[in-house]
Structures are given as C-alpha cells and as structure tokens.
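Participant: Please see the structure below; I have some questions.
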Amino acid sequence: MIRKFVALILICLIFVPFAFSKDKVQEHKLQTVGPVHLDKDGEKWAEKSLKAMTLEQKIGQMFMIWARAEFVNIESPEFLELRETMKRYHVGGFGLSVPFEDGFLFKSEPYEAAMLVNQLQSDSDFPLIIAADFERGLSMRLNGATIFPHAMAFGAAQNPDFARDFGRITAEESRAIGVEWNWFPDADVNSNPANPIINTRSFGEDPQAVAAMVRAYIEGAHAGGMLTTAKHFPGHGDTDTDTHLATARINQNLDHVQNIELVPFKAAIDGGVDAVMVGHLAVPALDPDPNLVATVSPKIVTDLLKHQLNFKGLVVTDALDMNGLTKLFGYGPDSAGKAAIAAVKAGNDMLLIPSDLAGSYEGLLQAVKRGELSRARIDESVLKILRMKASVGLNKAKLVDIDTMKVTISKPENLSRAQEIADAAVTLVRDNHQVLPLQAKSVGTTGPHPTYQKSEDVRGKQLAILMTDDSRSESGRFFEQQIRRRSPEMQTIWIDDRNAAAMSAQVLQAVQQAEKVVVAIYAIPSAGRVKVENGQFKASSDMSDAPAALVKNVLQQAGARTVVVAMGNPYLAQDFPEVQNYMCTFSNAQVSEESAVKALFGDIAIHGHLPVTIPGIAPRNTGLEAPAH
C-alpha cells in the first residue's frame with residue numbers, strides 16, 4: 009500500500025510540472041488573426057470567465073484607460089504605476105495613444121507600441137482589449153504605417169471600395185501591433201459648416217453617402233480582424249461646439265434627427281458594427297432634460313439605441329474626462345463616481361477615460377453593494393465585453409507576434425492604394441484658367457531658400473505661402489518638399505498665428521513680385537483647437553483673425569493669379585468669397601500633401617466632388633474636371 013502511495017506521488021511530481029508548463033505555453037501563445045467572429049468556444053469562455061470573476065473584477069472590466077505608446081523600462085516608476093493601476097482596478101482594456109504636450113502628438117514606433125501591449129497583456133490576469141483612435145489608420149499615432157487622409161476625403165472620392173480597403177488595411181496593421189478595436193468609423197453627418205470638431209472627420213453631409221462609407225469601412229475592418237465603433241451617437245455633425253471644451257447641442261426637431269443624424273448609425277447597426285460610442289451631446293428632441301447629455305440619458309441610450317434601433321452590441325461612452333460631461337457633474341472622485349453611475353444607469357457598457365479612475369471605480373462598486381445598481385446589470389455589460397474579446401481571439405491567445413509587423417505594416421501595395429485615394433479626393437471648386445497648372449521648371453533664382461526671408465530676396469516667378477497653426481509642426485513640410493522637387497527655385501514663406509501680422513508687409517511684397525501664388529491653408533479639426541476671433545479664443549477649425557486678414561489682402565492684391573488650397577477644412581472659402589481658384593484635399597495627411605502638389609502641377613487629373621456644401625461658394629457635388637498635363 010505504501011509503495012502504491014509513493015508511486016502515485018512520483019507520478020504527480022512528474023506530470024504536475026508538465027501541466028503547469030502547458031498552461032504557461034497557453035498563456036503566452038501568440039495571436040492568429042482572422043475575421044471578427046464569436047464561435048461556440050468563445051461564447052463558453054465568456055460565460056465561464058464571467059462566473060469566475062469577483063464583483064470587483066467585473067466592475068474593473070467596464071473601464072478603459074490610456075496607455076501611452078513609447079519605450080519604457082518595465083522597472084521604471086511610470087510603468088510600475090501603470091501596471092499597479094491595471095491590477096488594482098482590474099481594468100478591462102487600454103486605449104493606446106502617444107504622449108501629447110502643447111498641442112503636439114509625439115508619435116512613437118510600431119515596435120514600441122507592440123512591446124508595450126505585450127507586456128501589459130502578460131501582466132494582466134484577464135486578456136485586455138486594446139483600442140485606439142485610428143481615424144486615419146496607425147499613422148495618426150505611429151510612424152512608419154500606411155498614411156490615409158481624413159474621412160471627408162473618402163466622401164470626395166465617392167468610392168465605397170476605398171473605405172472598405174481603408175478598413176481592411178487599418179485592421180491588418182492594427183492587429184500587427186496588438187490593437188483589436190478601433191474607435192471608428194465616424195458616423196456623424198457634418199451638416200453644420202461651423203462645426204469645430206467633426207468637420208473633415210466626417211465622410212460628408214449627405215446621410216446616405218455617409219451611411220454607405222460607414223458600412224463599407226465596417227465590412228473591411230471585420231475582414232481584417234478588427235472591431236469597429238460608430239460614433240458619436242446620436243450624431244455630432246450638426247453642432248457648433250467642441251465637446252472637449254463644453255457641452256454641444258443639436259437644436260433640431262425629431263424629424264431632422266431621425267432623417268439625418270440617425271441614418272448612418274442605423275446603417276452601421278445593420279452592418280454589424282461592434283460598438284456605438286455615445287457623445288456628450290444635448291439633444292432636446294430626444295431628451296428635453298436640460299441637465300442630461302446623451303451619455304447619461306436613459307431615453308437616448310436605452311430607449312432609442314438599444315430598444316428602438318435594436319442595437320445588441322457594446323455601448324461605450326466618449327471619454328468621461330471631457331468638459332462636455334465634467335461641467336455637468338463637476339470634478340473630483342465623488343463627481344467622477346456619480347458620472348460613472350449615471351452612465352451605467354443610462355445603458356452604457358464600457359466607460360472610457362474616467363476623469364478619476366479611483367472615484368469612478370469605487371462609485372460603481374458601492375452603487376452595486378447598496379443596491380442602486382443590480383449585479384445582473386453589471387453582468388450584462390461584462391458579458392458583452394468578454395464576448396468582444398473572444399470575437400477577436402483573445403480567449404485563445406493575447407500576445408501579438410512581433411515578427412508579423414515587418415510583413416504587414418506599410419506594404420507597398422497598401423501605400424499605393426492610400427495615395428490613390430488621396431489623389432481621387434482632390435477637388436477643384438473654382439478655376440479661372442489663369443493659374444493652373446503651375447510651371448514645373450520655371451526660370452528664376454535656383455537653390456534652397458530660407459524659410460523666413462526679406463521681400464527683396466524673393467525673385468522667383470512662383471510663390472508658396474504655407475499657413476499653419478504652428479510653423480514648428482509637421483504641417484507643410486512634405487508639401488514644400490514636393491514643390492521643391494518640381495520647381496527648386498519656387499519661394500516658400502511660412503505663416504502661423506504668431507507671425508501673421510508681423511509678416512504681412514513682407515508677404516504682400518513677395519506676392520506683388522510673383523507671377524503665380526499658392527496659398528496652402530492647414531486648418532483641421534483637433535481636440536481643444538481654438539482660434540483668435542475679436543481678441544477672444546473660440547473653438548474652431550477655421551483660421552484666426554490675423555492669418556485670415558492676410559489671405560484677404562493677398563486675394564485683393566493678386567486674386568487672379570492666386571490659388572488657395574484648403575489642406576483640411578473645406579469651408580474656409582466662405583470667408584473669402586472673392587477667391588477665383590480654390591482647391592480642396594480635405595486632409596493635411598502626407599498623402600494629401602503629395603496629391604495637392606501633383607494636382608497643382610498637372611501631374612494628375614482632378615476628379616473629386618465636394619461632399620459638403622460651402623455656403624456662398626458651391627453646393628455639394630461641385631467638382632471641376634481638370635486633365636493631367
């Protein structure tokens with residue numbers, strides 16, 4: 009008997025290490041990417057995982073916080089704090105971004121992003137869902153990836169196949185670095201020219217055209233293995249406020265909301281979108297309560313989205329730290345907790361970027377313990393989150409294979425496709441046939457010229473004025489490079505908000521001497537972007553007073569020989585009704601800069617059409633054809 013017992017112990021000692029080793033191998037198994045799909049094994053895993061979780065773990069699954077993609081030593085205080093936060097609050101996932109300071113994004117590299125994601129996944133008790141705001145693909149945050157233009161450029165190209173490929177390529181590159189979920193497509197219908205935050209992020213102003221692009225993007229993304237998000241429900245297009253700064257309102261009746269704002273969201277739901285992001289929007293036609301925005305409105309989230317539109321997927325908030333919400337609830341742990349409770353009561357399943365994670369987490373936890381929120385309500389949301397994770401294979405493997413990046417990111421055929429899209433989007437709104445095309449090899453002073461120069465040194469026949477928010481940014485660099493490749497002697501002058509007034513006399517002197525003038529204006533929507541208007545700061549994707557005044561003076565002096573190129577916001581022309589030559593790219597992305605220069609010099613034909621109406625200038629679908637030369 010003793011011998012049998014000893015033999016049994018020996019057998020256990022032999023096989024236990026192998027069993028443990030097998031679990032470890034499973035734990036560190038590398039992902040195999042396929043189309044988004046929840047199979048029976050994934051469903052079983054989600055239900056089993058839910059039953060195994062404590063209440064604290066379930067609450068944590070409902071939160072997502074930022075992880076900044078940059079190199080960090082895993083023993084550094086910054087990483088240790090991030091890991092401790094993840095474990096203490098059992099967070100369900102991370103939103104992958106990059107460091108941000110003074111209006112600048114400090115882009116990182118794909119390998120650094122993937123290594124950070126893998127480390128977080130390894131340290132997490134449950135698989136993490138990794139999301140990102142890749143509205144223009146990975147290149148929006150990371151160097152070296154395929155560069156796509158803004159959504160409105162797709163609207164100008166009028167080809168849903170472009171949006172489908174956009175979704176697929178972004179999905180493939182995202183999964184290569186460990187990102188499974190994109191907060192895109194933007195389903196907003198940009199019907200308000202004064203919209204300071206949506207603008208070119210929208211596919212356009214026609215709800216049916218936007219719906220077609222949204223569905224095509226979802227289809228492509230799903231094929232590439234990426235989860236999608238339709239935002240910002242119930243529609244952020246007809247607003248004039250940036251919700252990063254304040255609460256935005258949709259002041260339209262119910263018929264308008266139903267027939268304009270909701271159309272692309274209905275198409276997204278029919279197309280199988282995985283998540284709907286609810287915006288911090290006041291919509292009196294849907295909920296007249298002046299103290300509620302959509303994010304915390306049961307009428308909008310539960311009654312409209314879940315019941316009337318029959319959306320069964322994940323409902324996710326916009327970032328909870330935005331002023332559009334915090335101004336209603338206040339600041340601090342208690343206020344963050346109240347906001348989180350209100351969001352869950354309204355029907356949201358996952359809460360993004362809380363203003364105070366500890367306060368939000370503790371607020372939800374205590375609300376359940378005292379019976380204000382039921383455990384069944386929490387289980388409902390957490391099961392959705394776990395199912396999403398399983399639909400992209402996180403139940404089987406959570407680590408990304410680093411080696412896939414070198415064969416997946418920036419494939420030559422994908423780079424060509426992105427450039428084709430940007431080329432197709434270029435739209436010529438006005439043309440007096442006196443400026444275009446520019447001369448590729450004009451006669452004049454050759455060689456490089458300083459960015460800031462005296463007017464008497466500007467002797468070239470062609471002049472480019474590059475107008476940006478900040479001349480220290482990347483905007484305009486590639487544009488200038490492409491100009492110099494075609495016309496080395498072409499003069500360039502850089503203007504931003506700080507020097508516009510001081511440089512006015514020199515610029516106008518240069519304009520007087522030039523035979524042809526290009527004014528490239530970089531004005532794009534971005535979080536918290538403001539302009540100076542009558543001495544006051546105002547949220548806007550327009551130009552500030554001083555640069556706008558300079559453009560007016562240029563057009564008054566040389567309008568017949570000047571072409572204005574909107575490298576972003578197409579509505580700029582309504583401030584310059586006298587403009588005779590007007591071209592739009594709807595984006596400041598590098599591919600759009602190249603497309604603009606090619607169009608200016610006649611290297612490509614121009615076929616794009618306005619996806620929006622520019623008041624006083626041109627209606628939607630306007631687009632002058634121009635052949636290549």
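Heads up, our numbering is the position in the sequence shown plus 8, with the first residue counted as 1.
From the three backbone atoms N, C-alpha and C, an ideal C-beta is built for every residue, glycine too.
#1: Can you pull the DSSP bridge partners for residue 189?
#2: Can you give the beta carbon distance from residue 291 to residue 242, rounded, assuming they're within the 8 Å contact cut?
#3: So, helix, strand or coil for residue 211, using DSSP?
#4: Are the beta-carbon atoms belonging to residue 139 and residue 74 less than 8 Å from one another?
#5: If we ignore side chains and look at the alpha-carbon of each, how far apart do residue 504 and residue 529 end up?
#6: Give a yes or no on whether 8 Å exceeds the smallest Cβ distance from residue 558 to chain B.
#7: Going by alpha carbons, who is nearest to residue 424 out of 170, 519 and 198?
#8: Identify the residues that DSSP records as bridge partners of residue 38: which are they?
#9: Going by the CB atoms, is the gap between residue 605 and residue 491 shorter than 8 Å?
#10: Whose C-alpha, out of 181, 51 and 173, is nearest the C-alpha of residue 412?
#11: Taking just the CA atoms, how far does residue 213 sit from residue 267?
#12: Going straight from the alpha carbon of residue 296 to that of residue 397, what length do you get?
#13: Going along the chain, which unbroken runs of the beta strand (DSSP E) with 3 or more residues stay wholly within the region 100–166?
#14: Looking at the unbroken beta strand (DSSP E) that takes in residue 283, where does it start and where does it end?
#15: For residue 624, count the other beta carbons within 10 Å of its own beta carbon; 16 or more makes it buried, fewer makes it exposed. Which is it?
#16: Compute the Euclidean distance between the alpha carbons of residue 132 and residue 354, then round it to the nearest angstrom.
#17: By the DSSP assignment, the beta strand (DSSP E) with residue 500 in it spans what residues?
#18: Using the C-alpha atoms, what's the distance from residue 532 back to residue 203?
#19: Within its chain, find whatever has a CB closer than 7 Å to the CB of residue 629; leave out the 5 residues flanking it on each side and keep chain order.
#20: If distances are taken between C-alpha atoms only, which option among 374, 558 and 187 comes closest to residue 102?
#21: With a threshold of 16 other CB atoms inside 10 Å of the CB of residue 394, please say whether the residue is buried or exposed.
#22: Are residue 209 and residue 256 touching if we call contact CB-CB under 8 Å?
#23: Can you tell me whether DSSP reads residue 95 as helix, strand or coil?
#24: Quick one: residues in its chain with C-beta nearer than 6 Å to the C-beta of residue 627, no 5 flanking neighbours on either side, listed in chain order?
#25: What is the residue span of the alpha helix (DSSP H) that residue 320 lies within?
#26: Determine the extent of the alpha helix (DSSP H) in which residue 302 is found, giving its start and end residues.
#27: What are the boundary residues of the alpha helix (DSSP H) that residue 570 is part of?
#28: Identify, in the order they occur along the chain, each residue of the same chain with its Cβ nearer than 8 Å to the Cβ of residue 30, setting aside the five sequence neighbours on each side.
#29: Under a three-way DSSP split, which group does residue 448 fall into?
#30: Keeping to the same chain, check which residues put their C-beta closer than 8 Å to that of residue 45; ignore five residues upstream and five downstream.
#31: Rounded to whole angstroms, what's the CA-CA distance from residue 49 to residue 130? Just pull it up for me.
#32: So residue 144 and residue 107 are in contact, right, with Cβ under 8 Å, and what is the actual spacing, rounded?
#33: Taking only the alpha-carbon atoms, compute the straight-line gap between residue 465 and residue 341 and give it to the nearest angstrom.
#34: Tell me which residue opens and which closes the beta strand (DSSP E) that residue 472 is part of.
#35: Compute the beta-carbon to beta-carbon distance between residue 382 and residue 357, rounded to the nearest angstrom, for a pair I have assumed lies under 8 Å.
#36: I'd like the list of long-range same chain contacts for residue 113, defined as Cβ closer than 6 Å, with 5 residues on each side in sequence excluded.
Facilitator: Walking through what the data contain:
#1: 139 and 235
#2: 6 Å
#3: coil
#4: no
#5: 10 Å
#6: No chain B appears in this structure, which consists of one protein chain only.
#7: 170
#8: 407
#9: yes
#10: 181
#11: 12 Å
#12: 36 Å
#13: 101–105 and 137–140
#14: 283–286
#15: exposed
#16: 29 Å
#17: 499–503
#18: 11 Å
#19: 617 and 618
#20: 187
#21: buried
#22: no
#23: helix
#24: 621
#25: Counting along the chain, residue 320 falls outside any alpha helix (DSSP H), and DSSP gives it neither H nor E.
#26: No alpha helix (DSSP H) contains residue 302, which DSSP labels as neither H nor E.
#27: Not the alpha helix (DSSP H): residue 570 falls in the beta strand (DSSP E), residues 570–574.
#28: With a pLDDT of only 36 at residue 30, under the threshold of 50, the placement of this residue in the model should not be trusted, and no figure is reported.
#29: coil
#30: 399
#31: 22 Å
#32: Not quite, the Cβ-Cβ distance comes to about 19 Å (not below 8 Å), so this is no contact.
#33: Residue placement at residue 465 cannot be trusted, given a pLDDT of 43 that sits under 50; the coordinates are not used to answer.
#34: 470–475
#35: 14 Å between Cβ atoms; not a contact.
#36: 106
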